[in-house]
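Below is one structure, written out as structure tokens, with a few remarks after it.
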Amino acid sequence: MPRPEVLDRIKEAEQEADDIVAEAESDREDRLAEAREEAEEIREAAREEAEESAQQRLDDAVAEIEAEREDLVEAGESAREDLEEQAAGRKTEVVDYVTDLFEEAVHAQT
15 MPRPEVLDRI
25 KEAEQEADDI
35 VAEAESDRED
45 RLAEAREEAE
55 EIREAAREEA
65 EESAQQRLDD
75 AVAEIEAERE
85 DLVEAGESAR
95 EDLEEQAAGR
105 KTEVVDYVTD
115 LFEEAVHAQT
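Going left to right, the sequence shown walks through residues 15 to 124 as this note's numbering numbers them.
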């Protein structure tokens, strides 16, 4: 084979190799970009899921606290009503006691 033909074939082979390398590098960059984009999408989905989970836990805690508050208010109202009933039942007794003390004080002065 004459030398110029061999040289041309070598140059063609080198050009093909350069083209293959360039294509591989381009493909590599495309794949890296896709992988980065997919990783960002996964991170964003995980972040959203974590935020939703945290919000749900917060909502559950608020509902639980509200239920406990309502129970405490109800218990407090019931206790207040009981105390009012007890006080009303002892009203006559207290009036009589205070009247007796007053009368004793008046008699002690005379």
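From the three backbone atoms N, C-alpha and C, an ideal C-beta is built for every residue, glycine too.
Backbone CA spacing between residue i and residue j [nearest angstrom]
| i | j | result |
| --- | --- | --- |
| S67 | E82 | 22 Å |
| L72 | E63 | 14 Å |
| R50 | E39 | 16 Å |
| R57 | Q69 | 18 Å |
| A59 | I79 | 30 Å |
| E26 | P18 | 12 Å |
| V120 | A89 | 44 Å |
| E91 | E98 | 10 Å |
| A102 | A93 | 14 Å |
| E48 | R61 | 20 Å |
| E43 | V35 | 12 Å |
| D33 | D41 | 12 Å |
| T106 | D114 | 12 Å |
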